[in-house]
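Chains as they are written, first to last, in this note's numbering: chain A, 396 to 675; chain B, 396 to 675; chain C, 396 to 675; chain D, 396 to 675; chain E, 396 to 675; chain F, 396 to 675. Where a beta carbon is used, it is the ideal one built from N, C-alpha and C, also for glycine. Inspection log for the structure reproduced underneath, given as structure tokens.
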């Protein structure tokens with residue numbers, strides 16, 4: 396008769412029996428343009444009760460897989476490094492217990508911490524990145540740790556040619572030049588996923604979805620909206636395809652709830668997370 | 396020199412000479428997620444003066460057909476059954492006078508009342524339903540009358556295989572199973588309308604447009620937005636195609652104005668209603 | 396390191412040891428003007444972490460009193476009577492266990508159910524009502540159960556001259572006439588609380604705060620805002636004064652979060668609830 | 396059973412029997428800062444159904460006096476002079492028929508047209524102006540007709556010392572200097588209305604309420620909000636006091652609905668208009 | 396260490412060395428539906444720092460071309476003709492100095508002034524117009540100068556068959572009839588740009604982008620949104636194609652910032668302006 | 396004819412001749428609840444053109460005093476210490492040049508940097524702080540540098556009993572206890588400013604206005620709104636009174652524009668800054 400829901404819909408497994416562990420990393424401390432991604436995991440949990448647990452796309456139900464929702468990390472403000480350290484430590488624990496971490500950002504920088512933890516366990520790790528922005532600057536306003544440098548940092552952790560990037564439509568000229576030698580970057584669209592599938596094979600892979608890869612018409616509530624993006628349907632299909640790889644971790648980032656006047660960006664993020672969880 | 400408009404643009408016929416009667420059914424009493432569809436008919440009338448009466452798609456003008464705008468029903472709050480009774484009674488009156496009812500919801504449940512009235516006059520009635528949700532639950536939170544059960548109830552009124560559903564992308568697994576025996580359900584998209592056209596032939600048909608079938612990028616202001624929907628252009632073409640059938644009634648539902656921060660959902664609904672009126 | 400808060404701040408007592416039981420009654424089914432009060436208890440829990448548990452007004456801390464937050468009732472939609480029955484039943488259980496019910500609405504009608512349950516235990520019950528509206532109609536749009544009739548219904552339950560009303564500045568002429576014989580009604584302001592204190596003495600009393608008694612400048616997010624209301628400071632002082640009576644239950648109602656563009660109404664409601672809990 | 400309301404609540408008299416004629420002047424063409432006052436009369440009519448027709452302040456009811464709501468003037472855009480001419484002409488007609496014009500702006504400039512029409516009939520006309528701004532510039536951006544010059548123009552029509560101004564808290568230094576010789580200007584507050592009452596006596600008087608005289612906390616939705624204003628209660632009392640004079644016309648202006656996120660400004664304007672109509 | 400940016404990003408050339416001169420024409424005085432386009436140039440400058448100066452579509456950078464941002468014209472309010480005169484005069488000066496004017500509206504009417512100035516220098520001028528509305532009325536509410544008549548007026552300046560129109564999906568029947576003899580009008584879509592390219596050849600051409608040609612899903616913040624529009628990608632490609640013509644001036648109009656709740660319309664306009672500047 | 400304003404209204408002095416130097420410190424990196432104060436200085440400059448330069452309260456004009464608007468500091472993200480260092484350095488430079496720094500935050504933490512710079516020049520410095528929150532925690536979420544600890548840090552810089560606090564109505568119990576020995580703290584209201592005036596005498600004093608001291612009804616757009624605050628008029632009078640002291644620097648902080656749906660908070664902040672500048 397009484398309800399006090401505090402997990403993402405259908406993610407009611409306990410930690411022990413869970414195959415995947417969902418957690419929030421509510422950090423947006425280096426966001427330069429429109430802050431607020433910190434609110435994403437909390438708001439997604441609340442609004443997730445507006446969607447169904449069943450996916451007619453995949454004919455699967457969240458209630459039939461085992462996901463534990465661990466809640467949000469209590470991250471400090473004012474220091475990016477300290478926040479990243481906590482995320483890395485918690486991701487490491489999940490991995491140590493033989494589970495798959497699924498992180499809800501926060502800004503895209505949080506991906507760096509998760510990748511670092513996973514790289515320790517899986518040395519031949521690949522990353523597939525969906526993003527409107529190249530995120531390949533060496534520094535931004537004098538800082539090495541920034542949402543604009545995160546894939547550059549990830550690249551330094553993994554070594555060259557371990558990252559596939561899709562949907563990129565913004566960056567400095569030098570970032571696109573850096574990409575030529577260091578990542579597989581597909582401008583503007585999602586296509587030729589087979590290339591990634593073939594190169595990666597059964598090696599471990601981390602999927603990171605910066606949701607600003609979506610077109611702002613479908614997903615306006617993000618820190619730095621960029622016209623000309625991909626559609627929900629394209630991203631959903633990509634998740635379904637790549638979910639068949641040996642996915643050892645994944646995240647979605649850059650939902651910024653304060654700019655979601657109509658609520659449709661949060662609803663889309665919830666639906667995409669359901670599809671992602673069911674695809675892995 | 397003075398204006399006190401209180402009808403939908405171009406619907407200035409009197410009742411006697413009208414072929415179609417437009418009316419509002421401002422009921423949203425079973426909406427569980429985001430209420431406010433009650434405001435749709437009033438707001439559409441007001442905002443309709445932002446569109447033209449002429450359709451360049453159909454090369455027709457609202458001023459050349461005869462539509463009477465009857466205003467809104469004064470529906471009670473707190474009892475779904477009483478509201479449905481009033482809607483059914485008024486629809487019956489319009490039919491008795493040999494006119495076509497065109498209803499603006501309100502939530503989708505209002506369709507049940509209209510269908511019941513029409514079924515009394517046209518026993519071999521078909522229904523064509525555009526909707527993001529299957530709406531085929533048997534009950535919802537213990538209630539038989541709900542926006543989530545409305546097509547199930549309509550199905551019970553009409554008998555099996557009298558309903559065509561398009562654009563459905565959300566529901567419980569059991570709803571999709573129910574659909575297999577009881578409706579013609581097309582998932583995700585609008586396609587193969589010819590099948591409906593052929594089966595229905597010249598039999599009477601009721602068209603119900605739950606506007607949440609549209610993608611939230613084009614139509615955010617609805618109670619339960621679902622990513623991955625159809626476009627205005629697809630829906631407009633469907634109305635143009637199906638308008639050639641023997642349409643004996645129709646409705647549009649689930650516009651929820653309080654969530655229309657930019658006003659484009661209301662504007663789209665007005666334009667779609669113009670196209671629908673001109674198509675029938 | 397991880398947080399998954401799902402109670403109102405500082406209300407972390409267990410049921411057994413609790414003196415007060417907080418619960419949500421998310422019903423707004425008879426709201427005629429602007430619905431959305433259903434979202435109030437959930438949103439207040441979330442936003443309560445923006446205030447402190449310590450009150451510098453009372454020099455007390457929520458962490459030092461025992462409040463259990465039971466969560467929200469799962470109320471049905473489409474039938475006011477069924478919703479009221481569930482509220483009455485749950486209130487009865489709290490009372491049976493010797494605890495004080497503290498309810499967060501929902502619309503003001505929910506007060507009727509709580510009062511009915513309490514009247515069964517405390518026959519000589521008084522009610523003190525803060526409200527912009529008289530709520531003394533006999534029926535509204537043909538319905539006996541409505542947010543506009545609730546105090547009339549409460550009056551019928553308690554008998555004449557058992558209700559004190561403050562801050563009332565809206566109603567039909569006949570409602571003010573009814574008040575003359577049946578309630579103690581103070582128009583516009585809060586004053587002469589001593590009269591109530593003296594008449595009630597140590598008899599049991601229920602406090603109901605329809606937050607629309609506040610001026611819309613301080614509290615805009617309500618279903619039917621009425622200019623010319625009382626201030627937060629006046630209401631806070633009233634709660635502090637009346638909290639010294641033999642309070643056997645209380646509620647706050649009519650916060651409507653969808654209309655809280657700036658978030659200050661929710662924040663005020665959280666702060667007022669803290670003061671109310673600490674005053675009793 | 397059906398409603399198609401298109402007048403302000405309770406103003407359902409016909410023209411013949413009406414003592415007062417309410418009309419909208421939806422012009423905001425010289426607004427420099429935040430346009431949108433054009434939407435005020437239409438939105439006020441719609442939202443007026445959220446208030447009661449009965450005033451507990453005055454113990455009177457709109458249904459007991461005779462007001463005809465004439466709707467809105469169809470004013471041209473792009474030329475202030477043409478718009479003013481139409482307003483003047485319509486006001487003249489109302490006066491010729493022996494009725495009292497009550498105008499809803501629109502920006503404050505519309506007052507000039509009404510005053511011109513009334514001055515033709517009542518040569519010894521006084522004006523009482525409630526306003527945050529002096530509106531006494533001689534020109535603004537090279538224009539003589541502007542919301543910033545309107546009281547200067549009115550002053551030229553009436554001659555010196557025929558205007559009382561209250562609540563003024565913004566203007567250029569030269570405007571305050573001009574006021575010393577030409578108007579009775581009270582800075583910041585409403586006080587000493589007796590002075591106006593005594594000087595005017597039983598001479599004809601026009602009341603103009605630029606609603607930005609109110610504090611933005613109570614009334615945010617206006618073109619140029621100015622902190623430090625008067626309260627609804629103060630303005631309501633002023634209307635009650637001055638309504639006893641020989642009022643031959645009045646207006647309320649500068650409600651700008653697009654900036655009313657929470658809807659409380661429109662609601663306040665409706666309530667004030669009710670009080671104003673009942674006071675005259 | 397300090398920033399006080401007041402030009403569009405990357406447009407930091409001085410006037411002397413500039414090839415293009417960017418300026419704002421913040422006029423929306425004839426807008427009938429939703430005013431606010433006056434705020435567009437200022438808001439675009441501010442928000443332009445959220446995009447990059449480099450275009451991965453064109454592999455060019457704003458910092459490598461010479462654009463001077465002249466700021467906004469101080470246009471009068473209350474008289475459309477005076478505003479147009481100032482725009483025409485300033486455009487004339489830019490042309491006299493051998494530079495290309497790039498104007499940010501304001502409403503679409505401002506295009507008339509720019510075209511008039513350019514026509515004086517280039518007698519065989521063509522215009523290419525992207526617009527949801529035909530804008531071919533002879534007058535609107537009695538006015539010859541209006542956002543609804545602007546292309547009709549331009550047509551009168553240039554003579555018949557000098558204007559290409561794309562994306563038009565709204566207008567009166569008579570406007571479409573007028574277009575048959577006087578413009579090359581493509582309904583609904585952008586296609587067959589080659590026709591325009593071939594007919595115009597190396598003659599001078601003015602490009603005017605009424606941004607309401609875009610679908611409201613991508614661009615909601617405009618005075619009169621019309622469902623069924625073109626995409627950013629289609630418009631961007633059109634600009635890239637037509638930029639190779641002999642472009643002697645261009646504008647973008649009808650961004651209306653007050654209706655951009657999520658900020659994505661302004662961001663899109665900034666990105667489109669970058670692409671347009673880099674295409675010419 | 397052209398305008399490209401990029402300074403606060405009326406602050407058009409050059410650096411050399413300026414007595415006061417206005418600058419923005421757009422840092423909000425430790426804000427835990429609602430970020431966005433970073434946008435305050437830029438938005439205040441833009442919106443300042445909605446107020447007059449003349450104050451009818453003080454009968455003074457911004458154009459008659461010498462203020463240079465230096466623009467905003469380019470502060471790094473992700474490290475509070477680095478941001479504070481830059482603010483301290485710039486404040487130091489202003490002081491070295493014999494001018495008075497006037498800072499627009501950003502969050503309240505920026506005050507610490509300014510005070511540190513000023514303390515180096517004026518060893519017997521006093522601080523007067525208007526704030527809803529005590530800001531006297533020793534650390535917050537493990538961080539010493541936070542908007543919740545700023546006055547504690549300032550206290551450590553200045554020594555005990557050098558700070559006067561007004562309007563404080565929120566904090567932990569321990570903060571109020573700390574205040575007893577270390578600051579002069581007035582709860583809830585502004586009163587007895589004479590005490591501060593008498594104790595400080597002609598010693599140097601820094602004024603810091605955390606605008607959340609204002610009641611949320613007048614000032615909703617702040618990171619952590621607290622009901623029960625002071626009014627604009629009270630704060631304005633305090634500034635006028637204290638401006639007569641030997642003010643060697645001042646700031647206003649915690650305006651958070653993204654939560655200013657109606658724009659009235661920004662407008663109030665602009666008007667208060669005008670009064671503050673004219674009072675010193």
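The DSSP-derived three-state label of residue 554 of chain B is coil.
Under the criterion of beta carbons closer than 8 Å, residue 401 of chain E and residue 401 of chain F qualify as touching, at roughly 4 Å. By the Cβ test, the segment 591 to 605 of chain A is in contact with the segment 515 to 529 of chain A, since at least three Cβ pairs between them sit closer than 8 Å. If the five residues before and after residue 506 of chain D are omitted, its C-beta is found closer than 7 Å to the C-beta atoms of 545, 549, 603, 646 and 648, all from its own chain and listed in chain order. If you draw a straight line from the Cα of residue 476 of chain C to the Cα of residue 502 of chain C, it is about 14 Å long. Between residue 556 of chain A and residue 579 of chain A, the CB-CB gap stays under 8 Å. If you draw a straight line from the Cα of residue 600 of chain B to the Cα of residue 642 of chain B, it comes to about 5 Å. The beta carbon of residue 620 of chain B sits closer than 6 Å to those of 611, all from its chain and outside the five residues before and after it, given in chain order.
Segment contact: the segment 556 to 572 of chain B against the segment 581 to 594 of chain B, three or more CB-CB distances shorter than 8 Å; contact assigned.
Residues of the segment 484 to 505 of chain B that bring their beta carbon within less than 7 Å of a beta carbon in chain C are absent altogether.
When DSSP states are grouped into helix, strand and coil, residue 480 of chain B belongs to the helix group. Counted as a single uninterrupted DSSP element, the beta strand (DSSP E) harbouring residue 605 of chain F occupies residues 599 to 605. For residue 417 of chain A, the enclosing beta strand (DSSP E) starts and ends at 415 to 420. Residue contact check for residue 607 of chain F against chain A: no CB pair falls below 8 Å. Inter-segment contact for the segment 472 to 490 of chain F and the segment 507 to 521 of chain F is present: three or more beta-carbon pairs are separated by less than 8 Å.
Residues of the segment 550 to 583 of chain E with a C-beta less than 7 Å from any C-beta of chain B: 564, 565, 566, 567, 568, 571 and 582, listed in chain order.
Take the alpha-carbon of residue 570 of chain F and the one of residue 656 of chain F: they are about 33 Å apart. Within the segment 483 to 571 of chain C, the complete beta strand (DSSP E) runs of at least 3 residues fall at 495 to 500, 521 to 525 and 558 to 563. By the neighbour-count criterion, in which a residue is buried when 16 or more other Cβ atoms sit within 10 angstroms of its Cβ, residue 483 of chain F is buried. Boundaries of the beta strand (DSSP E) around residue 645 of chain E: 641 to 648. For residue 462 of chain C, the secondary structure class from DSSP, reduced to helix, strand or coil, is strand. Shown here, residue 469 of chain B sits in coil according to DSSP, grouped into three states, outside any helix or strand. By the beta-carbon neighbour count (other beta carbons within 10 angstroms, threshold 16), residue 639 of chain F is exposed. Excluding the 5 residues flanking it on each side, residue 565 of chain F has same chain C-beta neighbours closer than 6 Å at 527, 528 and 621, in chain order. For the segment 456 to 469 of chain C, the set of positions with a beta-carbon nearer than 9 Å to some beta-carbon of chain A reads 464, 465, 466, 467, 468 and 469 in chain order. Here residue 625 of chain E carries a strand assignment [DSSP, helix/strand/coil].
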